[in-house]
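Number of protein chains: 2
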Amino acid sequence: MEYIESVHNDQIKTAIKLQTKKYQTKTNAYFLEGPHLIQEAVAAGVDLKQLFITENHQDDHLVKRFYDQTIMISDAVANHLAATETNQGMFAIAPIPALQLPAALTGGWLLLDAVQDPGNVGTMIRTADAAGFAGVIIGTGTAWPFNPKVVRAMQGSQFHLQLAQATMTDAVAQLHSAAAPVYGTLVNDAAVDYRTIQPVPTFGLIIGNEGNGMDPALAKQTTANLVIPIPGHAESLNAAIAAGILMFHLVA
Amino acid sequence: MEYIESVHNDQIKTAIKLQTKKYQTKTNAYFLEGPHLIQEAVAAGVDLKQLFITENHQDDHLVKRFYDQTIMISDAVANHLAATETNQGMFAIAPIPALQLPAALTGGWLLLDAVQDPGNVGTMIRTADAAGFAGVIIGTGTAWPFNPKVVRAMQGSQFHLQLAQATMTDAVAQLHSAAAPVYGTLVNDAAVDYRTIQPVPTFGLIIGNEGNGMDPALAKQTTANLVIPIPGHAESLNAAIAAGILMFHLVA
Chain V
1 MEYIESVHND
11 QIKTAIKLQT
21 KKYQTKTNAY
31 FLEGPHLIQE
41 AVAAGVDLKQ
51 LFITENHQDD
61 HLVKRFYDQT
71 IMISDAVANH
81 LAATETNQGM
91 FAIAPIPALQ
101 LPAALTGGWL
111 LLDAVQDPGN
121 VGTMIRTADA
131 AGFAGVIIGT
141 GTAWPFNPKV
151 VRAMQGSQFH
161 LQLAQATMTD
171 AVAQLHSAAA
181 PVYGTLVNDA
191 AVDYRTIQPV
201 PTFGLIIGNE
211 GNGMDPALAK
221 QTTANLVIPI
231 PGHAESLNAA
241 IAAGILMFHL
251 VA
Chain L
1001 MEYIESVHND
1011 QIKTAIKLQT
1021 KKYQTKTNAY
1031 FLEGPHLIQE
1041 AVAAGVDLKQ
1051 LFITENHQDD
1061 HLVKRFYDQT
1071 IMISDAVANH
1081 LAATETNQGM
1091 FAIAPIPALQ
1101 LPAALTGGWL
1111 LLDAVQDPGN
1121 VGTMIRTADA
1131 AGFAGVIIGT
1141 GTAWPFNPKV
1151 VRAMQGSQFH
1161 LQLAQATMTD
1171 AVAQLHSAAA
1181 PVYGTLVNDA
1191 AVDYRTIQPV
1201 PTFGLIIGNE
1211 GNGMDPALAK
1221 QTTANLVIPI
1231 PGHAESLNAA
1241 IAAGILMFHL
1251 VA
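Right, here's the structure in full:
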């Protein structure tokens, strides 16, 4: 098994470069940190491209399974690779999954229309996963789902549900062709209280940009436009909180 | 009106120091950024200790009202004071409100038991404000509510509801003495589906630490322990998302 103790090693430099979308899309891979996330990936059938371990992990069952892809690293290199202060001694390079929109959509689908904040995007994907959604559609202007901040906030949900990249128009059309309702979240006079909506098995829910909300042109294509009545004094809810309340209502 | 064009000016250094809890508690003041937040503060009756404006704001009605407290600053100083990349040319030093627990508690109260992440704490306070809660009780180990990251996430909610510092035990006892139910969020066998709870006017909701959850000793003092059933595959919800779903159910 190869052993790396220099942070200047080319393979370590490559792993660090996998923080950027540019290098991720070029190599079709991204970086995972920590045994828990890596075990979730493997449990979901992900074929690791590379596994980096510190010495204390050498008897791990993942090492046996991915022996040819495993590289042992020094603690100094592990600290260099770790985004967190206490490194957990295990890192991996995993393939980015295909992000095609499935031909037939069933179940709940979260549509992200220019949601910019990586933390929000990751939290929404994690919440969609918890709510039992089938997938999340990443629209134009939405944070790239393999941005390290998104990956941290997703907490492994990318291994449980389907991620797809598509324009909102295409995604909405596909849901309509499946006779599924599509709920928007533009605050206007025609918006209806979300609590009046009865859950159905297949549907779409569009969440818009944090500052500007959902694209008004898109609202014309929705079945209904949902609003969360605010009894208090705050002007609005954080986008991820609003998405959470709506998702858990729609699957209830 | 005084004009400051050096970032080394003592009053600018003081403003910068107001990012830290140590200096905030020493001077009983914190820092506000942007006209929107400052207007909200003033609308809520906050007496600004200092107002910093760039030249283009000199005709603002706030300047007339706080003329003796106003200092004009150069764009360079404004950029130095701004946490965001595009400064909005208006900053203020505001007093930290009294954080005593009121003698009689009515309405909804959010109790934060060692919630560590400042973004989570700020978002929960903003959500409590939106849900029409009366106040938020900051327990031991919870992020200091005037940490700049909390202030950013609160988006002015500190001007709409009451913030108090107290031990969870004291806060729970006070709610019980008002014959109000107190809901915990410890995941255990005795936990009940939150959707079975009927809203009441006065109640407490305890949210625990992001990693460890609520203190189990505290769960013995609660009326009921609520759980959000997770139909999907994620192991848990983000603490702020869970808090949002529960708060909006409890005031519905």
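From first to last, the protein sequence lines are chains V and L. So for the first sequence, my numbering puts the first residue at 1; every next one is plus one. So for the second sequence, my numbering puts the first residue at 1001; every next one is plus one. Cβ coordinates follow ideal geometry from the N, Cα and C atoms, glycine included.
Whole-number beta carbon distance between residue 1115 of chain L and residue 1210 of chain L, since they are thought to touch under 8 Å: 7 Å
Under the three-state reduction of DSSP, which class applies to residue 150 of chain V: helix, strand or coil? helix
Based on the DSSP secondary-structure assignment, which residues constitute the bridge partners of residue 225 of chain V? V/184
Is residue 193 of chain V closer than 8 Å to residue 227 of chain V when the C-beta atoms are compared? yes
For residue 1103 of chain L, the nearest candidate out of L/1206, L/1087, L/1213, L/1177 (CA to CA): L/1177
Give a yes or no on whether 8 Å exceeds the smallest Cβ distance from residue 1123 of chain L to chain V. yes
Drop a sphere of 10 angstroms on the beta-carbon of residue 260 of chain V, count the other beta-carbons inside from all chains shown, and report buried for 16 or more, exposed for fewer. Only positions 1 to 252 of chain V appear in this structure, which leaves residue 260 of chain V out of reach.
Given 8 Å, three or more beta-carbon pairs between the region 1064–1074 of chain L and the region 1023–1036 of chain L: no
Extent of the continuous alpha helix (DSSP H) run through residue 136 of chain V: Counting along the chain, residue 136 of chain V falls outside any alpha helix (DSSP H), though it belongs to the beta strand (DSSP E) covering 135–138.
Beta-carbon gap between residue 1134 of chain L and residue 1167 of chain L smaller than 8 Å: no
What are the residues in the region 1232–1244 of chain L lying within 9 Å of chain V by C-beta distance? 1232, 1233, 1234, 1235, 1236, 1237, 1238, 1240, 1241, 1242, 1243, 1244
What does residue 1230 of chain L touch in chain V if you count any residue whose Cβ is under 7 Å from its own? 130
Go ahead and pull the three-state DSSP assignment for residue 1092 of chain L. strand
Residue 160 of chain V: contacting residues in chain L (beta-carbon distance under 8 Å): 1232, 1233, 1234
Compare the Cα-Cα distances from residue 1170 of chain L to each of L/1241, L/1047, L/1037, L/1204 and report the closest residue. L/1204
Identify whether residue 1162 of chain L lies in helix, strand or coil by the three-state DSSP scheme. strand
Quick check: the region 1212–1227 of chain L against the region 1178–1192 of chain L, are there 3 or more CB pairs under 8 Å? With the rule of 3 Cβ pairs closer than 8 Å, the region 1212–1227 of chain L counts as touching the region 1178–1192 of chain L.
Among L/1009, L/1248, L/1213, which residue has its Cα nearest to the Cα of residue 1131 of chain L? L/1248
Just grab the DSSP bridge partners of residue 232 of chain V for me. According to DSSP, residue 232 of chain V bridges with nothing at all.
For residue 1239 of chain L, which residues of its own chain have a beta-carbon under 7 Å away from its beta-carbon, when the five flanking residues on both sides are left out? 1115, 1120, 1207, 1210
In chain L, which residues lie less than 7 Å from residue 251 of chain V when you measure between Cβ atoms? 1231
Is it the case that the Cβ atoms of residue 1035 of chain L and residue 251 of chain V are separated by a distance below 8 Å? no
Interface flag, residue 1152 of chain L vs chain V, CB-CB below 8 Å: no
Using 10 angstroms around the beta-carbon of residue 1328 of chain L, count the other beta-carbons present and answer buried if the total reaches 16, otherwise exposed. A query on residue 1328 of chain L cannot be resolved here, the shown segment of chain L reaching from 1001 to 1252 and no further.
Between the Cα of residue 1141 of chain L and the Cα atoms of L/1038, L/1112, L/1129, which residue gives the shortest distance? L/1112
Leaving aside the five residues before and after residue 123 of chain V along the sequence, list all residues of the same chain whose C-beta is less than 6 Å from its C-beta, in chain order. So the qualifying residues of the chain are 153, 240.
Under a Cβ-count criterion, where at least 16 other Cβ atoms within 10 Å of its own Cβ denotes burial, should residue 1158 of chain L be classed as buried or exposed? buried
Can you name the residues of chain V whose CB is closer than 9 Å to the CB of residue 1133 of chain L? 232
Step through the CB atoms of chain V and report whether any lies within less than 8 Å of the CB of residue 1065 of chain L. Not closer than 8 Å to any Cβ of chain V, the Cβ of residue 1065 of chain L fails to qualify, so no.
Name the residues in the region 1190–1214 of chain L whose C-beta lies less than 9 Å from a C-beta of chain V; which are they? 1195
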